Structures are given as structure tokens and as C-alpha cells.
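Q: For the sequence shown, full-length UniProt numbering gives the first residue as 1, with consecutive numbering after it. Got a structure here, written out as C-alpha cells. Questions coming.
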Amino acid sequence: MTLLKNGKVIGNGGKLSPADIRIRDGKIIAIASQLEVDPGEEVIDVKGKLIISGLIDLHIHLREPGFEQKETIATGTRAAARGGYTVVACMPNTAPVTDSPEVVERILASNRAGGSGVRVLPIAAITTGLAGDRLTDMAALKEAGAFAVSDDGVGVQSPRMMKAAMREAARLGLPLVAHCEEEDLLIPGACVHEGEFARKHNLPGIPPEAEAIHVGRDILLAEDTGVHYHVCHVSAESSVWLIREAKARGQRVTAEVSPHHLLLCDTDIPGPDPAYKMNPPLRSARDRQVLLEALKDGTIDFIATDHAPHTTEEKERPITEAPFGIVGLETAFPLLYTHLVQNGELTLAELVDKMTRIPADCFNLPWGVLKEGAVADIAVIDLEQEREIDPKTFLSKGKNTPFSGWKVQGWPVMTLVEGRVIWREDQD
């Protein structure tokens, strides 16, 4: 048995309350303001730190197999553990693409053999090779352990193919997780939002309609097929309108937003810096504000990092040539705590909910809650600890972040999965 002693939990009304938590056989068996130490029990004094359910990120890139120079399952899950995450879902744009049972099984085996202990849920491809012209064998992929399907990074361009994919995913009970991007609206080299920053620097822009057209199309198709349709990394105001309308009609649509789209807009980009290049791009201040309001009112359900590591050499290319994506696992909670909770945009309870219980509920996952009887997946957070973000200290191979040098507060200090400590700051 393990006893987390002298912690705090979020109680009724969102107030922090003193709490000890007893763990046995991988589950939480008692939570109380004070628990006596049982004979032989391991005691971990967490000294007034916040104890929450482990964070859940349903949109990351682990890059393995095929791009191990960017990230591996070992390094990516260690980064996740350091960020307080106990569950992550990895996208299928690997090499080979995660479009066969063998690759799904390989990811799961690699995590068992060399992962940090964080749970990894593979997301398999919708179409073979992400090419958009032939459906994968979703039944076999599910049987191998795929948790959902997605053509993340490119999106499914053909409405006919998307409708067929939704029918099959619905039949199998697999969520369809959509990267929404209409390629017909893109011009070569498009790398930032089609807005003020693009005009100032004469860069080719990505219009918000490129996202919203797919969101609207897919909502119509999902309504007909009955699939659980999930919109990845929403960035545009028009996408929010469409999702809100679909939810108002009772359609099973869920959506996520990334920390960087909540905290930055295109006019925050200091210059043609690839550290600010991601897809979808940072959009206007108006879009950013609409995303925040949508997260507050539940139109956007939860937060996912879209952790996308690249090598330093790749990110040192000119912005039109550098790859899209930034890392996020190790900085998400302190960034959001500092800039949303401390600024009064969200309560601490709301932020934690949107990073734990709500993503679990949206996908019927058995994690994300801190209560007696629950699986002991836990993150311990030091809400008082403040320090600058230093990419050189990341456990991820990816150092590509626009938040380098930001001083933020609320850092994870310990992560447990099924009651086992998989990372702690003082042993890092």
C-alpha cells in the first residue's frame, strides 16, 4: 500500500482541501483529510501539493515507428509523465503509417518494453497510407488495439471516402477523429494564418475556411452515419459556430483545442520564426477569444496538446520550408494554469476537468477521476513553483516551442499510474 500524505485536493465549490490518499492494488481506496499510517505502508509526503487525476492527452505524435530522430515512444512517454499525463493517444502519421494491425501491435509492444508507464492509445489511419483513396481494415485495427481512427496531418479530402469511413467506424463503434483541412484552398508554401502577420511579412496564408469547410461537411456526414465525430485542434471562429450548432441539435460531436491556440494569435508572432509554425496556424485575436469562450461554454470539450516534435535542424529551416508543429506535453499544465486560471478565465477545477474527466468521458475511457474506487492514475502539482520554460531541459527529443523563456507557475512534480510512481521531479 502507498499513502500520499499532506496533499490537497479540489473539493466542493472548487476549494482546495487537505487530503491524504491511500492506494492499494492500483486503486484509490481512501481519501480523507487525515489518514493514519498503516504498518508497512509506503508514505510519500507531498507537502501541500495539489493531487489530481492524471492528465489525459488524446492528440499527440510519438513519431515511432519511422521518425525516431524526432521522438520515440520512450522519450515521448517520459515527457508525458513529466507533464503530469497518465494517458496519451498517438496519431498514425508514422512510417510505416499506422494502417495495419502489425503497426498498432508494434506501438503497444514498444510502450510495454520501453515506455515510461504512461498508457498509450494508438489511433489508426482512416485510409491506407493516409493517401485518401482506400479505407483501412478498421475491424482488424480495432482488434489489434486501435482506439480511434484519423488521417491526422492531411485529412480525408473526398466526401465520398469520408462518408464510407464514418459508416464503417460507426458500425464498429470506433470514434472518427478528424484533421479538418480542405487542400483545394491551400497555396504552395502556406505556413501561417491568412491574416495580419501574413500580409506584413508577405507570406502565403492558410484561410480559416480551409478548416471550417471540412468541419461543416463532416458534421453533415456524421449526422447521416451516426458516428462519434471528433474535431481535432479547432482554430477558427467559423468552426466553432458549426460545432455549436451541431451540438445544439444533439449530434454526437466533440472537439478539442490546443494550449497554443488558447494563448497565442498571429500578431503574437515576432517574425518569420518556425517555432510559431503549426497546423492549423495561430489565427487572429478574435479567433483566439472565440476559442476560449467555446472552451468555457463546452462547445469545445477539452484540451489536447498536439505535441509534435521535430529535430532542431528541421525547425531551423526558413518558415516556408520548416515542418509544422510544436511540442507541448511538458509545458501544457503550467502554461494554462498561469495564463487561464491565474488570470481568472477558468477556475482550477474547470481546467483540471478539461484535461482529465472530460476527455475520458467523451471517449468512454475508464480514467480521469479522483475518487475512492478509481484507478490510481494521479498527478501531483506544485502550484507555487514558478520557473522559466527552458527547452534544453525537455525530456522530449523535440525542443520546438514558442514558449521558451516564458515564466510560468504550477509545475507537475510527481506522476503515478495504477499507484506506481513513474516520474518524480526530485529523481529526474
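Glycine residues also receive a C-beta, built at the ideal position from the N, C-alpha and C atoms. The model shown is predicted, which means the values in this text are computed figures rather than measured ones.
Taking all protein chains shown into account, do 16 or more other C-beta atoms lie within 10 angstroms of the C-beta of Thr77, making it buried, or fewer, making it exposed?
A: Translated into positions along the sequence shown, residue 77 becomes position 77. It counts as buried.
Q: Whose C-alpha, out of Pro207, Ile206, Gly66 and Val231, is nearest the C-alpha of Arg217?
A: Along the sequence shown, read from residue 1 onward, the residue named residue 217 stands at position 217. Of the candidates Pro207, Ile206, Gly66 and Val231, the one whose C-alpha sits nearest the C-alpha of Arg217 is Val231.
Q: Check for me: the alpha helix (DSSP H) holding Cys362 runs from which residue to which?
A: Here residue 362 refers to the residue found at position 362 of the sequence shown. Counting along the chain, the alpha helix (DSSP H) containing Cys362 begins and ends at Arg357 to Cys362.
Q: So, under 8 Å CB-CB, Ala360 and Gly368 are touching, yes? Tell me the CB distance rounded to an integer number of Å.
A: The residue labelled residue 360 in the question sits at position 360 within the sequence shown. The residue labelled residue 368 in the question sits at position 368 within the sequence shown. Rounded, the Cβ-Cβ distance is 3 Å, consistent with contact.
Q: State buried or exposed for Ala169, treating a residue as buried only when at least 16 other CB atoms are found within 10 Å of its CB.
A: For the purposes of this step, residue 169 is identified with residue 169 of the sequence shown, where counting begins at 1. It counts as buried.
Q: Buried or exposed for Asn343, going by 16 or more other Cβ atoms inside 10 Å?
A: To locate residue 343, count along the sequence shown from 1; it is residue 343. It is exposed - the Cβ of Asn343 has fewer than 16 other Cβ atoms within 10 Å.
Q: Which residues does DSSP list as the beta-bridge partners of Trp423?
A: What you label residue 423 is simply residue 423 of the sequence shown in a count that begins at 1. Thr415, per the DSSP bridge assignment.
Q: DSSP puts Ile206 in a beta bridge; with which residues?
A: Residue numbering aside, residue 206 sits at position 206 when the sequence shown is read from its first letter. Ile206 is bridged to His193.
Q: Report buried or exposed for Asn364, applying the criterion of at least 16 other Cβ atoms within 10 angstroms of its Cβ.
A: Translated into the one-based positions of the sequence shown, residue 364 becomes position 364. The residue is exposed, with fewer than 16 neighbouring Cβ atoms inside 10 Å.
Q: Assuming Ile123 contacts Val149 (C-beta within less than 8 Å), just tell me the rounded distance between them.
A: Start at 1 with the first residue of the sequence shown, and residue 123 comes out as number 123. Start at 1 with the first residue of the sequence shown, and residue 149 comes out as number 149. 7 Å between Cβ atoms; contact.
Q: Ile21 to Glu350, Cα distance in whole Å?
A: Taking the first residue of the sequence shown as position 1, residue 21 is located at position 21. Taking the first residue of the sequence shown as position 1, residue 350 is located at position 350. Their backbone Cα atoms lie some 22 Å apart in a straight line.
Q: Between the Cα of Val97 and those of Asp152, Gly226 and Ile319, spot the shortest distance and give me the residue it belongs to.
A: What you label residue 97 is simply residue 97 of the sequence shown in a count that begins at 1. Answer by Cα proximity: Asp152.
Q: Can you round the beta-carbon distance between Ala332 and Gly83 to whole angstroms, since I take them to be within the 8 Å contact cut?
A: Counted from its first residue, the sequence shown places residue 332 at position 332. Counted from its first residue, the sequence shown places residue 83 at position 83. About 6 Å; that satisfies the 8 Å criterion.
Q: What's the C-alpha gap between Gln251 and Ala222?
A: Counted from its first residue, the sequence shown places residue 251 at position 251. Counted from its first residue, the sequence shown places residue 222 at position 222. Approximately 8 Å, taken between the alpha carbons.
Q: How would you label Val327, buried or exposed, when you count the other beta carbons within 10 angstroms and need 16 or more for buried?
A: In the sequence shown, the residue the question calls residue 327 occupies position 327. Val327 is buried by the Cβ-count criterion.
Q: Quick one: grab the DSSP three-state call for Ser396.
A: Indexing the sequence shown from 1 puts residue 396 at position 396. Note: Ser396 maps to coil in three-state DSSP.
Q: Which residue wins for smallest C-alpha separation from Gln34, given the options Leu50, Gly40, Lys371 and Ser17?
A: Taking the sequence shown and counting its residues from 1, one reaches residue 34 at position 34. Minimum Cα distance to Gln34 is reached at Ser17.
Q: Measure the C-alpha to C-alpha separation of Gly48 and Glu384 and round it to an integer number of angstroms.
A: In the sequence shown, counting from the first residue as 1, residue 48 sits at position 48. In the sequence shown, counting from the first residue as 1, residue 384 sits at position 384. The alpha-carbon atoms of Gly48 and Glu384 are separated by roughly 10 Å.
Q: Of the choices Gly54, Arg167 and Gln69, whose alpha-carbon is the least far from that of Ala95?
A: Stepping through the sequence shown from its first residue, residue 95 is reached at position 95. Looking at the Cα atoms, Gln69 is the closest of the given residues.
Q: Which residue or residues does DSSP assign as beta-bridge partners of Asp57?
A: For the purposes of this step, residue 57 is taken as residue 57 along the sequence shown, with counting starting at 1. According to DSSP, which records beta bridges pairwise, Asp57 is partnered with Val88.
Q: What do you reckon, are the CB atoms on Ala236 and Lys277 nearer than 9 Å?
A: Counting from 1 along the sequence shown, the entry for residue 236 is found at position 236. Counting from 1 along the sequence shown, the entry for residue 277 is found at position 277. Not in contact: Ala236 and Lys277 (Cβ atoms no closer than 9 Å).
Q: Going by alpha carbons, who is nearest to Met414 out of Thr299, Val118, Pro39 and Gly373?
A: By one-based count along the sequence shown, residue 414 stands at place 414. When only C-alpha atoms are compared, the closest one is Val118.
Q: What does the Cβ neighbour count give for Lys15, buried or exposed, with the cut at 16 atoms within 10 Å?
A: By one-based count along the sequence shown, residue 15 stands at place 15. It is exposed - the Cβ of Lys15 has fewer than 16 other Cβ atoms within 10 Å.
Q: List the endpoints of the continuous beta strand (DSSP E) containing Ser17.
A: Along the sequence shown, one-based indexing puts residue 17 at 17. It spans Leu16 to Arg24 - the beta strand (DSSP E) in which Ser17 sits, taken as one unbroken run.
Q: Hey, Ile389 and Gly405 are a contact pair by Cβ (cut 8 Å); roughly how many whole angstroms apart?
A: Translated into the one-based positions of the sequence shown, residue 389 becomes position 389. Translated into the one-based positions of the sequence shown, residue 405 becomes position 405. Ile389 to Gly405, Cβ: 7 Å. Contact.
Q: According to the neighbour-count rule (16 or more other Cβ atoms, all chains shown, within 10 Å of its Cβ), is Lys142 buried or exposed?
A: Position 142 of the sequence shown, counted from the start, is the residue given in the question as residue 142. Lys142 should be labelled buried.
Q: Return yes when the Cβ of Asn202 is within less than 9 Å of the Cβ of Ala308, no when it is not.
A: Within the sequence shown, numbered from 1, the residue matching residue 308 stands at position 308. Within the sequence shown, numbered from 1, the residue matching residue 202 stands at position 202. No, these two residues do not count as a Cβ contact at 9 Å.
Q: Specify the secondary structure class of Ile107 as computed by DSSP and reduced to three states.
A: Residue mapping note: residue 107 aligns to position 107 of the sequence shown, counting from 1. Of the three classes helix, strand and coil, the one that applies to Ile107 here is helix, per DSSP.
Q: From Leu174 to Ile243, what distance separates their C-alpha atoms?
A: Residue mapping note: residue 174 aligns to position 174 of the sequence shown, counting from 1. Residue mapping note: residue 243 aligns to position 243 of the sequence shown, counting from 1. So the alpha carbons of these two residues sit roughly 20 Å apart.
Q: Suppose the cutoff is 7 Å on Cβ atoms and the five residues either side in sequence are ignored; what does the same chain contact list for Thr127 look like?
A: Residue 127 sits at position 127 when you count from the first residue of the sequence shown. Answer for Thr127: Asp133, Arg134, Leu135, Thr136, Asp151, Val156 and Met161, listed in chain order.
Q: For Lys315 and Phe403, what's the separation of their Cα atoms in angstroms?
A: The residue you call residue 315 lines up with position 315 of the sequence shown. The residue you call residue 403 lines up with position 403 of the sequence shown. So the alpha carbons of these two residues sit roughly 15 Å apart.
Q: Quick check on the burial criterion: 16 or more other C-beta atoms within 10 angstroms. Buried or exposed for Gly419?
A: Here the question's residue 419 lines up with position 419 in the sequence shown. Buried is the call here.
Q: So, helix, strand or coil for His228, using DSSP?
A: Here residue 228 refers to the residue found at position 228 of the sequence shown. Of the three classes helix, strand and coil, the one that applies to His228 here is coil, per DSSP.
Q: Start and end of the beta strand (DSSP E) containing Pro122?
A: Along the sequence shown, read from residue 1 onward, the residue named residue 122 stands at position 122. Taken as a continuous stretch (DSSP letters only), the beta strand (DSSP E) holding Pro122 covers Arg119 to Ala124.
Q: Kindly indicate the opening and closing residues of the beta strand (DSSP E) around Val43.
A: For the purposes of this step, residue 43 is taken as the residue at position 43 of the sequence shown. First-last of the beta strand (DSSP E) with Val43: Glu42 to Asp45.
Q: Under 9 Å, do His214 and Glu182 count as touching if we go by C-beta distance?
A: Within the sequence shown, residue 214 is the residue found at index 214, counting from 1. Within the sequence shown, residue 182 is the residue found at index 182, counting from 1. Yes. Within cutoff.
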